[in-house]
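Read top to bottom, the protein sequences are chains A and B. So the first sequence is numbered by the working numbering: it starts at 14 and just counts up by one. So the second sequence is numbered by the working numbering: it starts at 55 and just counts up by one. Glycine included, each C-beta is placed from N, C-alpha and C at the ideal position. Step one of this worksheet: look at the structure below.
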Amino acid sequence: MKVELEFLSSKAVQRLQPEEKLALILKSVRKNKIIVLEEGLTREEERELFTRVMKEIGKGGFTGIEIASLGGDVDAFRAGIIRFLGGKSHGLTIIGPEKLVREIKRDPERIGFVASK
Amino acid sequence: MPFTRFFSWLKGFFGNRKTMSLGIYGNVNTGKSTLANRICVDWTGEPLSEVSEVPHETREVKKKERVVIHVGGRKVTINLLDMPGITTRVDYREFMKYGIGAKKAQQRAKEATKGIIEAIKWLEHVDAALVVMDACDDPYTQVNITILGNLEARKIPVVLVANKIDRKEARPERIKEAFPQHEVISISALKGDNMNALYEAIAAHASR
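Below is the structure:
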């Protein structure tokens, strides 16, 4: 069984507009890839992603995603300052196709993705 | 319309607080509709939603307007909104395990996804929210984190409801550990256990 992981660096994520970020995630997940964002999604972006996923369900057998994020509960003002100082404003996010991800093991400081086909 | 605005100002002036819209949010099958029914039966005598063991029984936002709650000498009027359960996956084949035919299962999945989008949209419009979690399950799910994050960002008051405490395996303390920043009320919507504590928490938010 082949499982493809795609890592997106913090810099690469920061270059993308929220719209582009979500489009990229959906494209990768629909290609059966697990995508890891070094600088994760904001709660707003997660919410928008949920909506987009719902709109895609049923198309070409797509059944949804599994997602987990680590840290990143920073408000917009603090996030702006952290970014200005060159840091990461949001924690890591990992997203995979529902069909591939069997289980997510998580606690506030750790994420485990169990994948199988 | 100026007249409507004047009327609403007049109502506010004489101390009639506006009706609070209270959304019931949470993952699929946490007992949201059972809770909505419990609240409606307690205060209006009639249930609101159908419930079943098949996931996504509630596929559209169900509303009960002007539910008047009397608690601790206070009277609180709420518009209750029973939201479809939020999830990031819907597979029609899951419904077929409950004896639903393929065509109906696909239709149900379609309706479920629309309902989830509607529930997500409502996150911006509720005055307060009850986020219902199954006390038997791990509360630390991305759906719970995302719902709470969005409500917190809009400064919408939240009460966490640890539901199904009538079950042996219930561990509501895990919810308190996972989300220590929020008030947690442990209840059994099915049996009606500890509902008064929940009504007091709702009333407290209504008077803020």
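query	result
In this structure, how does DSSP classify A/Leu-54 when only helix, strand and coil are distinguished?	coil
Secondary structure at B/Glu-206, three-state DSSP: helix, strand or coil?	helix
Let me see if you follow: with CB-CB separation under 8 Å, is B/Val-185 close to chain A or not?	no
Using CA atoms only, rank isn't needed, just tell me which of B/Thr-98, B/Lys-116, B/Asp-96 is closest to B/Val-105.	B/Lys-116
Between the segment 118 to 147 of chain B and chain A, which residues of the former have CB atoms less than 9 Å from a CB of the latter, in chain order?	Ile-140, Thr-141, Thr-142, Arg-143, Val-144, Asp-145, Tyr-146, Arg-147
Taking the alpha-carbon of B/Ile-171 as reference, which of A/Arg-65, A/Ile-80, A/Glu-116, A/Thr-76 has the nearest alpha-carbon?	A/Arg-65
Specify the secondary structure class of B/Met-137 as computed by DSSP and reduced to three states.	coil
Can you find the residues in the same chain that come closer than 6 Å, C-beta to C-beta, to A/Leu-18, ignoring five residues on each side of it along the sequence?	Ile-47
Is the separation between the beta-carbon of A/Pro-31 and that of A/Glu-58 shorter than 8 Å?	yes
Based on the DSSP output, what are the partners of B/Lys-116 in its beta bridges?	B/Asp-136
The beta strand (DSSP E) that contains A/Phe-75, what's its start and end?	First-last for A/Phe-75: undefined, no H or E at that position.
Check the Cβ-Cβ distances between A/Glu-116 and every residue of chain B, and say whether any is below 8 Å.	no
Is it the case that the Cβ atoms of B/Pro-138 and B/Arg-162 are separated by a distance below 8 Å?	no
Taking the straight line between their C-alpha atoms, what separation do you get for A/Leu-113 and A/Asn-45?	7 Å
Terminal residues of the continuous beta strand (DSSP E) containing A/Ile-70?	Looking at the DSSP string, A/Ile-70 is not in any beta strand (DSSP E), and its letter there is neither H nor E.
Am I right that B/Ala-183 and B/Ile-210 are in contact with their C-beta atoms under 8 Å? What's the rounded C-beta distance?	6 Å
Taking 6 Å as the limit between beta carbons, can you name the residues of its chain near B/Asn-204, skipping five residues before and five after?	Leu-177
For a contact meaning CB atoms closer than 7 Å, what does A/Val-66 contact in chain B?	Thr-142
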